[in-house]
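The next block holds one structure in the form of structure tokens; read it before the comments.
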Amino acid sequence: MSVHRLGFPVSAVYVWLAMVAFGGIAVETIVIYPNVFHDVPRSLTEASEFFDVTGPADFFPPMGAATLIVAVVTLLLVRKVRAARWWIAASLASLALGEFLFSVLYFWPRNEIMFDEGAAMHTAELLRSTAVEFEVGHWFRLGMSAVTATLAFVGLQRLHRDRITSEPRA
318 MSVHRLGFPV SAVYVWLAMV AFGGIAVETI VIYPNVFHDV PRSLTEASEF FDVTGPADFF
378 PPMGAATLIV AVVTLLLVRK VRAARWWIAA SLASLALGEF LFSVLYFWPR NEIMFDEGAA
438 MHTAELLRST AVEFEVGHWF RLGMSAVTAT LAFVGLQRLH RDRITSEPRA
């Protein structure tokens, strides 16, 4: 299979990963986090106990890493297809800056305050304000995830259009 032909299935996998990540972030934001943050600091303790076996921190880092790797591979494979290249590049930028870097710089310190250090090291008021910051930031992350998935999907569509218009007809 040529590099050009490999670009389409890899791009499709990237779109799938981006959409699954978006769905997961939507569930976290809309379903899980209102329960986690409804009565801070008590609800943080309950959430930590609930997520003892597995939780978002077990799913999203490997999922994010896989999505980032597949995005880079996709961009490398479609770089010669002008119609798709910039859409995939923009989705990669959105993923890297708006989701990954934002998570590292914004969410990781707040996770440490709320879930690692918790009430043993911080006042209830600090935990409540950190929880509010976390929830507000999560809506931004949800928006960036939607942007990433949308840009990746448009890139896949453009790649497909380029394929069908450039293939010789029998």
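Mapping of the sequence shown onto the numbering used here: residues 318 to 487, in sequence order. For every residue, glycine included, the Cβ atom is placed at its ideal position computed from N, Cα and C.
| Query | Result |
| --- | --- |
| Alpha carbon to alpha carbon, how far is Pro326 from Ile405? Give it in angstroms, no decimals. | 14 Å |
| Where do the N-terminal and C-terminal ends of the alpha helix (DSSP H) with Pro351 fall, by residue? | 350–353 |
| In this structure, does DSSP put Thr440 in helix, strand or coil? | coil |
| Identify every run of the alpha helix (DSSP H) within the segment 344–404, keeping only runs that are complete inside it and at least 4 residues long; order them along the chain. | 350–353, 359–367, 373–395 |
| My understanding is that Leu409 touches Val389, with C-beta atoms under 8 Å, so please give their C-beta distance in whole angstroms. | 7 Å |
| Ala308: which of Glu442, Phe354, Ala469 sits nearest, CA to CA? | A question about residue 308 goes unanswered here, because the residues of the chain that appear run from 318 up to 487. |
| Can the beta-carbon of Glu416 be found less than 8 Å from the beta-carbon of Arg475? | no |
| Would you check if the segment 331–351 and the segment 393–403 touch, i.e. whether three or more CB-CB distances between them fall below 8 Å? | no |
| Measuring CB to CB, does Tyr350 end up less than 8 Å from Glu452? | yes |
| Report whether the distance from the Cβ of Ser365 to the nearest heavy atom of the ligand MN is below 7 Å. | In the structure on display, the ligand MN does not appear, and there are no ligands present to speak of. |
| Of the choices Leu422, Thr371, Ala437, whose alpha-carbon is the least far from that of Arg359? | Ala437 |
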